[in-house]
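Chemist:
There are 2 protein chains.
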Amino acid sequence: MDIRIDRESAIPVYVQIRGGIRDLILSGRLPDGFRLPPERQLATALGVNRTTVFSAYKELKSDGLVESHVGRGTEVVSRKAGKSAVEPAGPLPWRQLARDGSVREPDPLVRDVLALTERHDVISLQAGLPAAELLPLEDLRRVQEEILVRKGPEALLHSPTEGVTAFREALCRHMVPRGIRSSPDEVLVTSGSQQGLDLVARTLLSPGDVVVVEEPSYFGALEVFRSARVRLLGVPTDRDGMRTDVLEALLARQQPRLIYTLPTFQNPSGCVLSLARRRRLLELAWRHQVPILEDDPYSDLRYEGEALPSLKALDPYGYVIHLSSFSKVLFPGLRLGWIAAPRTLVRQLALVKQTVDLHSGTLGQWIVEGFLSGGLFARHLAATRTAYRRRRDVLLSTLAEEAPPGFTWNRPQGGFYVWCRLPEDVPPTRLLAQAAAERVAYLPGGASFVEEPTGNSIRLNFTFAPEEQLREGVRRLGRALRAAQAEPQRRNRSVVGTPPIV
Amino acid sequence: MDIRIDRESAIPVYVQIRGGIRDLILSGRLPDGFRLPPERQLATALGVNRTTVFSAYKELKSDGLVESHVGRGTEVVSRKAGKSAVEPAGPLPWRQLARDGSVREPDPLVRDVLALTERHDVISLQAGLPAAELLPLEDLRRVQEEILVRKGPEALLHSPTEGVTAFREALCRHMVPRGIRSSPDEVLVTSGSQQGLDLVARTLLSPGDVVVVEEPSYFGALEVFRSARVRLLGVPTDRDGMRTDVLEALLARQQPRLIYTLPTFQNPSGCVLSLARRRRLLELAWRHQVPILEDDPYSDLRYEGEALPSLKALDPYGYVIHLSSFSKVLFPGLRLGWIAAPRTLVRQLALVKQTVDLHSGTLGQWIVEGFLSGGLFARHLAATRTAYRRRRDVLLSTLAEEAPPGFTWNRPQGGFYVWCRLPEDVPPTRLLAQAAAERVAYLPGGASFVEEPTGNSIRLNFTFAPEEQLREGVRRLGRALRAAQAEPQRRNRSVVGTPPIV
Numbered sequence: 367m368d369i370r371i372d373r374e375s376a377i378p379v380y381v382q383i384r385g386g387i388r389d390l391i392l393s394g395r396l397p398d399g400f401r402l403p404p405e406r407q408l409a410t411a412l413g414v415n416r417t418t419v420f421s422a423y424k425e426l427k428s429d430g431l432v433e434s435h436v437g438r439g440t441e442v443v444s445r446k447a448g449k450s451a452v453e454p455a456g457p458l459p460w461r462q463l464a465r466d467g468s469v470r471e472p473d474p475l476v477r478d479v480l481a482l483t484e485r486h487d488v489i490s491l492q493a494g495l496p497a498a499e500l501l502p503l504e505d506l507r508r509v510q511e512e513i514l515v516r517k518g519p520e521a522l523l524h525s526p527t528e529g530v531t532a533f534r535e536a537l538c539r540h541m542v543p544r545g546i547r548s549s550p551d552e553v554l555v556t557s558g559s560q561q562g563l564d565l566v567a568r569t570l571l572s573p574g575d576v577v578v579v580e581e582p583s584y585f586g587a588l589e590v591f592r593s594a595r596v597r598l599l600g601v602p603t604d605r606d607g608m609r610t611d612v613l614e615a616l617l618a619r620q621q622p623r624l625i626y627t628l629p630t631f632q633n634p635s636g637c638v639l640s641l642a643r644r645r646r647l648l649e650l651a652w653r654h655q656v657p658i659l660e661d662d663p664y665s666d667l668r669y670e671g672e673a674l675p676s677l678k679a680l681d682p683y684g685y686v687i688h689l690s691s692f693s694k695v696l697f698p699g700l701r702l703g704w705i706a707a708p709r710t711l712v713r714q715l716a717l718v719k720q721t722v723d724l725h726s727g728t729l730g731q732w733i734v735e736g737f738l739s740g741g742l743f744a745r746h747l748a749a750t751r752t753a754y755r756r757r758r759d760v761l762l763s764t765l766a767e768e769a770p771p772g773f774t775w776n777r778p779q780g781g782f783y784v785w786c787r788l789p790e791d792v793p794p795t796r797l798l799a800q801a802a803a804e805r806v807a808y809l810p811g812g813a814s815f816v817e818e819p820t821g822n823s824i825r826l827n828f829t830f831a832p833e834e835q836l837r838e839g840v841r842r843l844g845r846a847l848r849a850a851q852a853e854p855q856r857r858n859r860s861v862v863g864t865p866p867i868v
Numbered sequence: 367m368d369i370r371i372d373r374e375s376a377i378p379v380y381v382q383i384r385g386g387i388r389d390l391i392l393s394g395r396l397p398d399g400f401r402l403p404p405e406r407q408l409a410t411a412l413g414v415n416r417t418t419v420f421s422a423y424k425e426l427k428s429d430g431l432v433e434s435h436v437g438r439g440t441e442v443v444s445r446k447a448g449k450s451a452v453e454p455a456g457p458l459p460w461r462q463l464a465r466d467g468s469v470r471e472p473d474p475l476v477r478d479v480l481a482l483t484e485r486h487d488v489i490s491l492q493a494g495l496p497a498a499e500l501l502p503l504e505d506l507r508r509v510q511e512e513i514l515v516r517k518g519p520e521a522l523l524h525s526p527t528e529g530v531t532a533f534r535e536a537l538c539r540h541m542v543p544r545g546i547r548s549s550p551d552e553v554l555v556t557s558g559s560q561q562g563l564d565l566v567a568r569t570l571l572s573p574g575d576v577v578v579v580e581e582p583s584y585f586g587a588l589e590v591f592r593s594a595r596v597r598l599l600g601v602p603t604d605r606d607g608m609r610t611d612v613l614e615a616l617l618a619r620q621q622p623r624l625i626y627t628l629p630t631f632q633n634p635s636g637c638v639l640s641l642a643r644r645r646r647l648l649e650l651a652w653r654h655q656v657p658i659l660e661d662d663p664y665s666d667l668r669y670e671g672e673a674l675p676s677l678k679a680l681d682p683y684g685y686v687i688h689l690s691s692f693s694k695v696l697f698p699g700l701r702l703g704w705i706a707a708p709r710t711l712v713r714q715l716a717l718v719k720q721t722v723d724l725h726s727g728t729l730g731q732w733i734v735e736g737f738l739s740g741g742l743f744a745r746h747l748a749a750t751r752t753a754y755r756r757r758r759d760v761l762l763s764t765l766a767e768e769a770p771p772g773f774t775w776n777r778p779q780g781g782f783y784v785w786c787r788l789p790e791d792v793p794p795t796r797l798l799a800q801a802a803a804e805r806v807a808y809l810p811g812g813a814s815f816v817e818e819p820t821g822n823s824i825r826l827n828f829t830f831a832p833e834e835q836l837r838e839g840v841r842r843l844g845r846a847l848r849a850a851q852a853e854p855q856r857r858n859r860s861v862v863g864t865p866p867i868v
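Same order as they appear, the protein sequences are chains A and B. Counting in this note's numbering, the first sequence runs from 367 upward without gaps. Counting in this note's numbering, the second sequence runs from 367 upward without gaps.
1) Grab me the residues of Arg597/B's own chain with a C-beta within less than 8 Å of its C-beta, minus the 5 sequence neighbours each way, in chain order.
2) With distances taken Cα to Cα, identify the nearest neighbour of Cys637/A among Leu647/A, Tyr783/A, Arg837/A and Asp666/A.
3) So with CB distances below 8 Å, who are the chain A contacts of Pro708/B?
4) Kindly indicate if chain B contains any beta-carbon less than 8 Å away from that of Phe815/A.
5) Which residues mark the beginning and the end of the alpha helix (DSSP H) in which Leu724/B is found?
6) Between the Cα of Gln835/A and the Cα atoms of Val469/A, Thr417/A, Gly386/A and Ser490/A, which residue gives the shortest distance?
7) Spell out whether any CB of chain B is found under 8 Å from the CB atom of Gln655/A.
8) So for Glu433/A, helix, strand or coil by DSSP?
9) Just to confirm, is the Cβ distance from Val590/A to Ala567/A under 8 Å?
10) Taking a cut of 8 Å between CB atoms, which residues from the segment 709-724 of chain B lie near chain A?
11) Which of the three DSSP states is assigned to Thr410/A in this structure?
12) Apart from the five residues just before and just after Gln382/A, which ones in its own chain have a Cβ nearer than 6 Å to its Cβ?
13) Using a C-beta to C-beta distance shorter than 7 Å, which residues of chain B count as neighbours of Trp652/A?
14) Checking 8 Å against the spacing of the C-beta atoms, do Ala464/A and Gln561/B come in under that value?
15) What in chain A is Cβ-close to Asp604/B, meaning under 8 Å?
16) Compute the Euclidean distance between the alpha carbons of Thr610/A and Leu506/A, then round it to the nearest angstrom.
17) In terms of DSSP beta bridges, what is Cys538/B paired with?
18) Return the CA-CA distance between Val432/A and Val656/B, expressed in angstroms with no decimal places.
19) Would you say Glu768/B lies against chain A (beta-carbon separation less than 8 Å)?
20) Could you check if Arg373/A is buried or exposed, using at least 16 other CB atoms within 10 Å of its CB as the buried criterion?
21) For a test of the three-state rule: what should DSSP assign to Thr752/A, helix, strand or coil?
22) From the DSSP output, in three-state form, read off Ala852/B for me.
23) Is the Cβ-Cβ distance between Thr333/A and Ser726/A less than 8 Å?
24) What's the C-alpha gap between Gly812/B and Gly740/A?
25) In this structure, how does DSSP classify Ser635/B when only helix, strand and coil are distinguished?
26) Give me the chain B residues within the contact set of Glu499/A, using Cβ-Cβ distance strictly less than 7 Å, ordered along the chain.
27) In the segment 505-535 of chain A, which residues sit with their C-beta less than 9 Å from some C-beta in chain B, listed in chain order?
28) If you check the beta carbons only, do Leu724/A and Leu729/B fall under 8 Å apart?
29) Let me check one thing: in DSSP terms, what residues is Pro602/B bridge-paired to?
30) Determine, using beta carbons only, whether Val488/B and Gly736/B come nearer to each other than 8 Å.
31) Look up His524/B in the DSSP assignment and say whether it is helix, strand or coil.
32) Could you pull out every unbroken alpha helix (DSSP H) segment of at least 4 residues lying fully inside the segment 610-697 of chain B, listed in chain order?
33) Considering only residues of the same chain and omitting the five flanking positions on each side of Gly386/B, which have a CB-CB separation below 6 Å?
34) Go to Val566/B, then tell me how far its beta strand (DSSP E) extends in each direction, as first and last residue.
35) Can you look up Ser428/A in the DSSP assignment and give me helix, strand or coil?
36) Does any C-beta atom of chain B lie closer than 8 Å to the C-beta of Pro675/A?
Okay, structure coming up:
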């Protein structure tokens, strides 16, 4: 038995002996039933008093690790026999233990694209990310320096679940150009707008409830609603956004609990809900008493044309939950978004958030507050807008040069994405294989639909990759498209019919 | 009509006119049915071509804001008549819309204490907070400077849902002294340990499931389980932690889905689960196939005595979900905790976390990684331990001087809290009133129990307030206790019986 004793240590020697033997037992080096040396013998070997070993053995007995039997001395308690000889049949079946619907494997196409994006030689037109190289790190350094001087440790302690008060005040000022006049107690800071979606779903939705979404829509929101086990009803969109005539017909037959919309520079389609439809949508919501969740992360990023008022700005009756985020402009890694909604609902959402994560990061809130109040955010936004507009134009002009016949796309006035329609003879899986070979990634359109989409689309992001990469990425995409088109035409089996399971 | 035109602007004049009129309509300054000036007249007034005004009016029509009628000219569309005249009966009944059980108002006693704590003249022995003035802000500055140089914008972008890889590697090294050998893919970074509790509940628990908890237990965990609408069964604790004999009897009758325990420096009782009971608990879990959630935020904070291996270290079969946090030592405002668990479960938790908030803050993860890998965390922990040990001793010695007869408490070997039993003649509400008058706050014990507690307790924190404040806080508490005792004895009505509702 290898037991080391440190006579200089403050820990009593008998405790050291107990600890040493315990480690040997727990690590399995002293097997079940192993007979410990008689106390006297071990005392001699270690050069300590017999009473010291006696005390150590006594502790080990009360630990339940050894037992003394007359005539057999002190033995390591067998884990294989007697009352405490318990071994499970095997590891827990965690998959079976998971709550119904709590765990959803990602869409295989999306998963493949994400795997592709991780390769360093791949140009990503896939992500919904801001331009990394434009992030104002020098401003960040200065803002943070000032926070540490001005706020001290407070900036790193807990903060209210609803958000740091000064930050909520800054958010209220930030929303004025959107036509929204909220007070700080009508604002809830969230850990990114993704958490905002989840909090709203958790607070308002039960399994089986009906939720109306646009088709296509933000796939991360569809995931939230699916994991809330609600029934999703899609309303088609055209170039003016959600088709409110279809919504009206739907509301005549269904009682949804929520209407989810991205009215401005929609993800993924890039389109904007027209003012007439905004008003129509609100009227329908008022008449049918349905809350609207307005997801608005992109409206600051308008590159041309005239701004429209947000749904919340047009709603004097408090039916609109306005959700937004800083992740499309500033530092997505800080995870900061917010909700503006009637006071009663904000209170409810805050009570849910309290059990979910107590509050969002305090330091991050002070950082963004510093950017907003010091005018640094406005400056960065202006620079970002200029850069993104140019990138959009590069993407559009390169598409015009490189895209094969039958490939069509829209021209968004703002936001992050160009939405493209594939030629009919290019099946999505075949294009994905060719794109992987060409080392370019995009978001397959299917993930943005509730049901099987009519026609195949892809979403291209133009904000993340610098201009030269955008050009090269579109060239690669063009080659992938032509290669996918050139493959011999095989009829897709699902077009022929459903194969019987045999 | 007050419409301003900027002839220098890049925005076409007709768009400016449309925008001006639209704002006047939407703000209500042009009322329903207001007749716009004839095109020619407005053109003259503004000094523009008639076709410019014509275009503006045409846009306003397609916005649905105005209508032209022969003989009446162009009028603001009435919101009060016709098809689009919709007004809701009133605001949405948000409270009724809330999902069953999603929103829980806090325990009134806890709420009162939190309100009390916000007053600046109150000494808080209530919170579970680290010492603010000991936080290593200078180290933070240096670590962050180095991150910005070394990682650049990457430190502020999105990061994997499971956590920044280098941070997960550092966490694995950090857990070795706890006897835990995990690989990075067995670790999930969470937004504080509160989120860890919530993710486990969301992934493994359905309404009506049985969950075993210690009594008393961490009230924030009880809140998570209650909002998951599970049935909580309490197992009493003594000075060696959870009574495993009671657990065994319980497991003979119930099939819990989870056993939740804080084995080391328990919150609120401060006690430690003995090694024999740790092994017994594991055996019971293995035999009955129940996962254990080991909540372990305090084990780094041992002030005396010998460390015990964590439950996870003693479990070769993967039944233990180990949950921990940095919020008790480093920067609670960064919201960083972690889970170590079998790979399959980590994968499931990550899929849930992805829809919940995408990932935890990237910058914060790099900051704590910098503290762990650079040895700064170990240095800060050692300094913190010394300071907290002294504060514990100050609290204990002042209690010995100030506490009235019948008030008893334990002596924790580590952690954050001293758990105290009130004299029988001091009802909790009366003490709270006296404590408010004396300007001292503590956590009432009732919030830590599933059912009505037997006997009344309070939890005192000794890590947040500096030594002199601790002394003064305990003096105030002593006065409050004596004042509460001195009040004339009224029999509590609930002792007499349940009053009929009339």
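From the three backbone atoms N, C-alpha and C, an ideal C-beta is built for every residue, glycine too. Every value quoted in this text rests on a predicted model; they were computed, and no experiment measured them.
Modeler: Per the coordinate set shown:
1) By the criterion of a C-beta distance shorter than 8 Å, Arg597/B is surrounded in its chain by Gly574, Asp575, Val576 and Val577, once the five residues flanking it on both sides are discounted.
2) Scanning Leu647/A, Tyr783/A, Arg837/A and Asp666/A for the CA closest to the CA of Cys637/A turns up Tyr783/A.
3) Pro457, Leu458 and Trp460, listed in chain order.
4) Taking Cβ atoms only, chain B never reaches closer than 8 Å to Phe815/A, which makes this a no.
5) For Leu724/B, no alpha helix (DSSP H) run applies, since DSSP gives it neither H nor E.
6) When C-alpha distances from Gln835/A are compared across Val469/A, Thr417/A, Gly386/A and Ser490/A, the shortest belongs to Ser490/A.
7) True, the Cβ-Cβ gap to chain B drops below 8 Å.
8) Note: Glu433/A maps to strand in three-state DSSP.
9) Cβ atoms of Val590/A and Ala567/A: closer than 8 Å.
10) Here the close residues are Thr710, Leu711, Gln714, Leu717, Val718, Gln720, Thr721, Val722, Asp723 and Leu724.
11) Here Thr410/A carries a helix assignment [DSSP, helix/strand/coil].
12) Cβ neighbours of Gln382/A beyond the five flanking positions: Ile371.
13) What Trp652/A touches in chain B: Val452, Glu453 and Pro454.
14) No, the pair does not count as a contact, with Cβ atoms beyond the cut-off.
15) Per Cβ cutoff of 8 Å: no residues; Asp604/B is ~15 Å from chain A at best.
16) Answer to the nearest angstrom: the Cα atoms are 43 Å apart.
17) Beta-bridge pairing links Cys538/B to no other residue.
18) Taking the straight line joining both Cα atoms gives about 26 Å.
19) By this cut-off, Glu768/B is not an interface position.
20) Flag for Arg373/A reads exposed.
21) In the structure shown, Thr752/A sits in a helix (DSSP, three-state: H, G or I).
22) Three-state DSSP puts Ala852/B in a helix.
23) The requested residue 333/A does not occur in the structure, where chain A is confined to residues 367 to 868.
24) Approximately 46 Å, taken between the alpha carbons.
25) Taken through DSSP and simplified to helix, strand or coil, Ser635/B comes out as coil.
26) Chain B residues near Glu499/A: Pro519.
27) Listed by position, the residues of the segment 505-535 of chain A near chain B (Cβ gap below 9 Å) are Leu506, Arg507, Gln510, Glu511, Leu514, Gly518, Pro519, Glu520, Ala521, Leu522, Leu523, His524 and Ser525.
28) No, the pair does not count as a contact, with Cβ atoms beyond the cut-off.
29) Glu581/B.
30) Contact: no.
31) Reduced to three states, the DSSP call for His524/B is coil.
32) 610-619 and 641-654, all fully within the segment 610-697 of chain B.
33) Residues of the same chain with a CB within less than 6 Å of the CB of Gly386/B, apart from the 5 flanking positions on each side, are Ile369 in chain order.
34) Per DSSP, Val566/B lies in no beta strand (DSSP E) segment; the continuous alpha helix (DSSP H) that holds it begins and ends at Gly558 to Leu570.
35) In this structure, Ser428/A counts as helix in the three-state DSSP scheme.
36) Closer than 8 Å to some Cβ of chain B, the Cβ of Pro675/A qualifies, so yes.
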